[in-house]
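In full-length UniProt numbering, the protein residues as written are 1 to 112.
So the structure is just underneath, and the comments pick up after that.
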């Protein structure tokens, strides 16, 4: 599948998690019950063009002036195009603009 230039995509806050976003969340973390818990408490941002979602991340406040970047995912068929970096850079910029002074990010999987 061909993807549009980076100038044609945007990262927006997600209000409703549809099935394609749910699939992305589960790509990064296969534990549905944990995903549902932190999605409920956090803010989801999705990378999309006019027609489709193909990346996402979650920001979760974890303490005073501290936020964690969680669940960063790019759809498998869109990987290798710099979208992951775009998502992480956006998360950092957004966190600092919202007044957070510390950003945590961890890797790993919660398992199934």
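Just so it is clear, CB atoms sit at the ideal spot from N, CA and C, and this is done for glycine as well.
* Using three-state DSSP, classify residue 68 as helix, strand or coil. => As a position in the chain shown, residue 68 is number 68, starting the count at 1. Strand.
* Asked: Excluding five sequence neighbours on each side, which residues of the same chain lie with their C-beta closer than 6 Å to the C-beta of residue 45?
  -> For the purposes of this step, residue 45 is identified with residue 45 of the chain shown, where counting begins at 1. Closer than 6 Å at Cβ, skipping near neighbours: 11, 13, 57.
* Where residue 16 falls, given that 16 or more other Cβ within 10 Å makes a residue buried -> The count along the chain shown starts at 1 and reaches residue 16 at position 16. Looking at its Cβ environment, which holds fewer than 16 other Cβ atoms inside 10 Å, residue 16 is exposed.
* Completely contained beta strand (DSSP E) runs for the region 27-81, where each covers 3 or more residues -> 43-48, 53-63, 66-74
* Looking at the unbroken beta strand (DSSP E) that takes in residue 104, where does it start and where does it end? -> Within the chain shown, the letter at position 104 stands for residue 104. Run containing residue 104: 102-105, per the beta strand (DSSP E) assignment.
* Locate the beta strand (DSSP E) running through residue 12, then write down its first and last residues. => Reading the chain shown from its first residue, position 12 is the one you call residue 12. Residue 12 -> beta strand (DSSP E) spans 10-13.
* **Selected residue, minimal CA-CA separation from residue 69, among 8, 9, 41** => As a working mapping, residue 69 is identified with position 69 in the chain shown. For residue 69, the closest of 8, 9, 41 by C-alpha to C-alpha distance is 41.
* So residue 90 is in the alpha helix (DSSP H); what residue range does that whole segment cover? -> In the chain shown, counting from the first residue as 1, residue 90 sits at position 90. Taken as a continuous stretch (DSSP letters only), the alpha helix (DSSP H) holding residue 90 covers 83-97.
* Asked: By how many angstroms is the C-alpha of residue 37 removed from the C-alpha of residue 86?
  -> Residue mapping note: residue 86 aligns to position 86 of the chain shown, counting from 1. Residue mapping note: residue 37 aligns to position 37 of the chain shown, counting from 1. The alpha-carbon atoms of residue 86 and residue 37 are separated by roughly 25 Å.
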